[in-house]
Amino acid sequence: MTVATSMIILRYALRSWWKCSLSIFAAMLVSSCAVQETASPPPSLTGEGGPPSVRRLTEVQYRQSIADIFGAEIKIPGPFEPDIRRNGLLAVGTSEVAVTRAGFERYDALARNIAAQVTDKENRARLLGCVPENSTTADAACTTQVLKHYGRLLHRRPLDPERLAAYVQTAAAETRRLGDYYAGLSFALAGMLVAPEFLFRIDFAEPDPANPGRERLDGYSKASRLSFLLWNTTPDDALLAAAGRGELDSKSGLAAHVDRMLTSPRLTDGVRAFFSDMLEFEDIETVSKDGTIFPRFSRSVMNDAEEQTLRTITDHLISRNGDYRDLFTTRHTFMTRNLGIVYRVPVAAEEGWEPYEFSEDDGRAGLMTQISFLALHGPPGRSSPTLRGMAVRELLMCQHVPSPPGNVDFSEFEASSEASPVTVRDRLTAHRENPVCAGCHKIMDPIGLALENFDGLGQYRETENGSKIDTSGELDGYTYQDVTGLGEALRESPATVSCLVNNAYRYAAGRSVSNAEKQWLNWLEDNFAQNGYRLPNLLREIATSDTFFAVSTGGGDTNHAALSETGAD
Amino acid sequence: MAATFDRRTALRGMLSGTAVTVALPLLDCFLNTNGTALAAGGPLPVRFGTWFWGCGVNPQRWVPGKVGADYDLVEELKYIAPFKDQINVLSGFDVRLDGVTNEPHITGNFALITGTTPRDVNTHDVPTLDMVIADAVGNDTRFRSLEVTATGNPKDTYSRRSSSLVNPSEASPAAFYTRLFGPEFQDPNAAEFRPDPQIMTRLSVLSLVKDDRQKLVRQLGARDRERMDEYFTSLRQTEQQLEMRLTQPPPLEACKIVSDAPEDRIPEGYLVSAVIDNHKVMSELLAMALACNQTKVFNMVFSNAFSNLHKEGMIGFHHGLTHNEAYDEKLGYQPESAWFVERSMEAWATFVETLANVREGDGSLLDNTLVFAHSDSSLARTHSVLGIPMMTAGKAGGRVKTGYHVKGGGDSITRVGLTMQQVMGVPTETWGTGSMETSLPVSEILV
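If you read the protein sequences in the order shown, they are chains R and A. To convert, count from 1 in the first sequence and add 4; that's my numbering. To convert, count from 1 in the second sequence and add 196; that's my numbering.
Written as structure tokens, this is what we have:
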């Protein structure tokens, strides 16, 4: 039964059946030749970066920017226009979404709401830094001070003098109209908050003195790219100041700021955002389990499960500066009471989080054995080896699994289901025996079957309908007996490593990888391996590279569509 | 009535901070003699909307045997019996794939609503039917269109201008109520007309935001320039909403805000009972919005295309059932899946009833509306895009005949979309691309 459901919940472009086997073959090919022999420095790619990019802030980036600029006290009521996933990442979608009419209405209401809070009685003393001479008339000096300060932070670059003057003038005119200094100021601020310069990260190019006739990103555009990549928020004052002084245009200046950002506790926010995107955690909000089948399911368990995985990741990759590949085998994690009930482990702390280490006998090792992964990829009432296997292939290995043929005939599957199957493995017989199914399912089901010791919610079990669960399988030629073995196989798979590097770069650039960048990505992968698969090191290489900041203007008619896909296929 | 308050008068009233008071009660004398139009203003508005449900029907239990008037109602359609005279059933119209692979539950639906079979829905930049119609008729209402889902998931929407402009659905009844009838609502029947003094302020701020446009787009690539244009178009629409609020709307007899803000019971996990309840609440809000002329175009999603509807204790979703559930040879269908189809048709009947219950002029709100109901496939079990089930409800202000079953005989499904556009006054002779291009409306339902 499982399978059929899962076959249909596929989300990516459908290919005809014969392409299925081709694609798997290609995926394996990519994996097997992913590790390059060369270790030469990255070729310069100046001029290959495409036109200046325009990326809409994600909901998290919007919220974090407001909190950083005005303080966490400011309430930010939703809903937001949903972010859109493209080519496997929301980050790529940010370069494609615009703002719908309903979306603008929401941003406009949010902007007025936030601006009103910033200027209300409770917050104005803390946030405005000056007091008008008279609260019912305009005060150009105070208004200029406030709007200059916040204009620079909100638009991530200083406002042009004329632009600032226009905002100040509007504030003054509206103060006169409404007879209230703070109302006029508030509306001007709201204008800054709904302006495209805030809602979108818009790159600006300038002539490149080192390469006459060419252009480069200006310092403020660089500051934004760095800040959203490493901290997932707007650039702080220090970074904007550095951009203003031209420090980000020199190798050493750039390196110094990247180091400052990599050693800041805020790196955690950046890494969390990257993995939330890669693991499709926005879907955790809507995942649901049937209450009668899984009474331990609750919204708070799912929220904790998401947090658990993100804590596991940042603890391992940042605090311990660990090897990325060990995330597939690690037994270190964190627990809450809430989670302890589902994992069936004792948790001493009544409130909050405590570190936890699974024992070898617990049968849990690696991210894919955590509830966030196990519960996210399955229907409401049971586990789905196919969906879990597909998630491992697509999210962790960047391999595209084709959709089933539109006219797939389920009669054979139903026939095999009716032969009273005991375990899921029995039910999936048709997937293995029918050649139409087997081509794709053989790359998904064996992975998912290794996770069958975990039910639909992720609770441990050894038997299904009284029969011992067989978790053995094979991943790209690596055979295993259980989920620990699957973790080892994933750890050793070149695909998981190249997937991470590819995702990290696409996440950073907000677009697919161009042909010209592939060679550089190969180098980056080698570099990642040679440095022990440390994520901070990978981020440093990206954030200090020419490739990350490359831009080509040339009349602005180059289209992102001209950039070809790589990696995922 | 409204004519006595031009924009300048309104502004003066607003600037001096005094309310402008007008006589209120809408008596029959405000309507023309046949009750189809306001005596002082234009005719009663004609609205268009879609009503979507996922995973189709069992054709042999849904398609009426009889063609034309007084069609028969088989099992899955029996729920519409009380409104049969106001509903047309359209069967046997096909999506033509033109060599494109059928991506289950997606290809058929987007072909139906855009007239073009999508190769990849993520890059399919053809506007949906509702957007084309909204562009033609939606400019003089507060909202150009309203998107609503009963499922609780705001991502359940099929309305879009392009792949980068996907209209989000309202999923929370409380938020929907506030958006419609909160502080920015202008009751057309209010005794006092007191424009918000902040409207001019907001307009001047938006005008300031627009000023930088040229500088921003100068160096962008073509696609990004388009995206910026889309942003500024959306900004312009908010300006238009504000400008509209400077003049008093003509009174509307049917506009009665009958309820307070509803309890915010957003369905979780697509639990079908909760979705059905929420659909009723959302339908009532939407009907009030239409009666108060807040929009002329809407999209209601009852269930998503990969129907995630779920019954307590069930292992999977409605969608899963359509593939997994054993086919009952004796019955000739899958009984549990059919149960979900019947719940969908029951909900459709509720929606029609909700519009029919609002009195407007000498008829009902439904009489002045054209609702286009459709799914994403016919028999979901095989993902068939042939004969995707469709219906219309309402007479569109007298432009459409109802109570007919029209059989398409394998004609292109775009004939129906073309008909919807022509009824709503979109000046188009043909619609659709490739082998789905057509200039033949469904004349059987045209007056």
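Think of the CB as a built atom: it goes at the ideal place given N, C-alpha and C, for glycine as much as any other residue.
Assigned exposure category for residue i - 16 Cβ within 10 Å defines buried
i                : result
Leu644 (chain A) : Residue 644 (chain A) lies beyond the residue range present for chain A, which begins at 197 and ends at 643; the question has no answer from this structure.
Gly155 (chain R) : buried
Cys503 (chain R) : buried
Val454 (chain A) : exposed
Leu131 (chain R) : buried
Gly288 (chain A) : buried
Ser533 (chain A) : buried
Arg348 (chain R) : exposed
Glu388 (chain A) : exposed
Ala353 (chain R) : exposed
Gln415 (chain A) : buried
Gln485 (chain R) : exposed
Asn1 (chain R)   : The structure shown has nothing for residue 1 (chain R), since chain R only spans 5 to 573.
Asn325 (chain R) : exposed
Glu361 (chain R) : exposed
Thr267 (chain R) : exposed
Arg303 (chain R) : exposed
Inter-residue Cα distance where the pair is residue i and residue j
i                : j                : result
Ser228 (chain R) : Pro239 (chain R) : 6 angstroms
Pro364 (chain A) : Asn474 (chain A) : 17 angstroms
Ile511 (chain A) : Ser573 (chain A) : 23 angstroms
Phe232 (chain R) : Leu321 (chain R) : 19 angstroms
Ala330 (chain A) : Glu310 (chain R) : 40 angstroms
Gln618 (chain A) : Val328 (chain A) : 11 angstroms
Val517 (chain R) : Asp420 (chain A) : 18 angstroms
Ala576 (chain R) : Phe377 (chain R) : Shown here, chain R extends from 5 to 573; a query on residue 576 (chain R) therefore has no answer.
Pro359 (chain R) : Tyr111 (chain R) : 40 angstroms
Asp430 (chain R) : Val471 (chain A) : 35 angstroms
Pro162 (chain R) : Pro56 (chain R)  : 19 angstroms
Thr334 (chain R) : Leu371 (chain R) : 8 angstroms
Gly628 (chain A) : Ile609 (chain A) : 9 angstroms
Arg67 (chain R)  : Ala95 (chain R)  : 16 angstroms
Gly382 (chain R) : Asn254 (chain A) : 27 angstroms
Ala219 (chain A) : Phe372 (chain A) : With a pLDDT of 35 at Ala219 (chain A), under the threshold of 50, the predicted position of this residue should be treated as unreliable, and no value is reported.
Asp268 (chain A) : Asp607 (chain A) : 22 angstroms
Gln312 (chain R) : Arg276 (chain R) : 11 angstroms
Val643 (chain A) : Thr626 (chain A) : 19 angstroms
Ala485 (chain A) : Thr546 (chain A) : 17 angstroms
Ser323 (chain R) : Leu157 (chain R) : 30 angstroms
Leu481 (chain A) : Gly245 (chain A) : 14 angstroms
Nearest-angstrom beta carbon gap, residue j and residue i [assumed within contact, 8 angstroms]
i                : j                : result
Thr303 (chain A) : Val581 (chain A) : 7 angstroms
Ser292 (chain R) : Pro384 (chain R) : 6 angstroms
Arg441 (chain A) : Phe428 (chain A) : Actually they are not in contact, since the Cβ atoms of Arg441 (chain A) and Phe428 (chain A) sit about 21 angstroms apart, beyond 8 angstroms.
Gly599 (chain A) : Ala277 (chain A) : Not confirmed; about 12 angstroms, so no contact.
Ala102 (chain R) : Thr548 (chain R) : The pair is not a contact, with the Cβ atoms about 32 angstroms apart (cut-off 8 angstroms).
Val333 (chain A) : Leu308 (chain A) : Not really, about 21 angstroms apart at Cβ, beyond 8 angstroms.
Trp247 (chain A) : Val567 (chain A) : 6 angstroms
Thr347 (chain A) : Pro463 (chain A) : 6 angstroms
Cβ-heavy atom distance, residue i to the ligand COA, below 7 angstroms
i                : result
Ala120 (chain R) : This structure simply doesn't include the ligand COA, nor any ligand for that matter.
What residues in the segment 70–95 of chain R bring their beta carbon closer than 8 angstroms to a beta carbon of chain A? From the segment 70–95 of chain R, only Pro83, Glu85, Pro86, Ile88, Arg90 have a Cβ closer than 8 angstroms to chain A.
Quick one: which residues of the segment 319–330 of chain A get their C-beta closer than 7 angstroms to a C-beta of chain R? List them in chain order. Those would be none; no residue qualifies.
Quick check: the segment 132–146 of chain R against the segment 179–186 of chain R, are there 3 or more CB pairs under 8 angstroms? Contact between the segment 132–146 of chain R and the segment 179–186 of chain R is present, because at least three Cβ pairs lie under 8 angstroms.
Against chain A: residues of the segment 141–175 of chain R by CB proximity under 8 angstroms: Cβ contacts with chain A: Arg167, Ala170, Tyr171, Thr174.
Between the segment 400–413 of chain A and chain R, which residues of the former have a C-beta closer than 7 angstroms to a C-beta of the latter? Within the segment 400–413 of chain A, the residues whose Cβ lies closer than 7 angstroms to some Cβ of chain R are Ser400, Val401, Leu404, Val405, Asp407, Asp408, Leu412, listed in chain order.
Between the segment 288–307 of chain A and the segment 316–332 of chain A, can you find at least three pairs of beta-carbon atoms closer than 8 angstroms? The segment 316–332 of chain A is in contact with the segment 288–307 of chain A.
Could you list the residues in the segment 391–410 of chain R with a C-beta less than 9 angstroms from some C-beta on chain A, going in chain order? Hits within the stretch, in order: Ser407, Pro408, Pro409, Gly410.
Just checking, does the segment 584–594 of chain A make contact with the segment 535–555 of chain A on the three C-beta pairs under 8 angstroms criterion? Yes: at least three Cβ pairs fall under 8 angstroms.
Using Cβ-Cβ distances below 7 angstroms, what residues of the segment 240–266 of chain R are close to chain A? From the segment 240–266 of chain R, no residue has a Cβ closer than 7 angstroms to chain A.
Check distances from the C-beta atoms of the segment 188–215 of chain R to those of chain A and list, in chain order, the residues that come in under 9 angstroms. Hits within the stretch, in order: Gly188, Phe191, Ala192, Ala194, Gly195, Met196, Val198, Ala199, Pro200, Glu201, Leu203, Phe204, Ile206, Asp207, Phe208, Ala209.
Flag this pair as touching only if the segment 444–460 of chain A and the segment 267–285 of chain R have three or more C-beta atom pairs under 8 angstroms; answer yes or no. With the cut-off at 8 angstroms, the segment 444–460 of chain A and the segment 267–285 of chain R do not touch.
What residues in the segment 466–484 of chain R have a beta carbon less than 7 angstroms from any beta carbon of chain A? Listed in sequence order: no entries.
When the Cβ atoms of the segment 112–126 of chain R are set against those of the segment 165–178 of chain R, are three or more pairs found closer than 8 angstroms? With a cut-off of 8 angstroms, the segment 165–178 of chain R and the segment 112–126 of chain R do not count as touching, because too few Cβ pairs lie within range.
What are the residues in the segment 430–457 of chain A lying within 7 angstroms of chain R by C-beta distance? Cβ contacts with chain R come from Ser430, Leu431, Gln433, Thr434.
Determine which residues of the segment 239–269 of chain A have a Cβ less than 8 angstroms from any Cβ of chain R, and write them out in chain order. Listed by position, the residues of the segment 239–269 of chain A near chain R (Cβ gap below 8 angstroms) amount to none.
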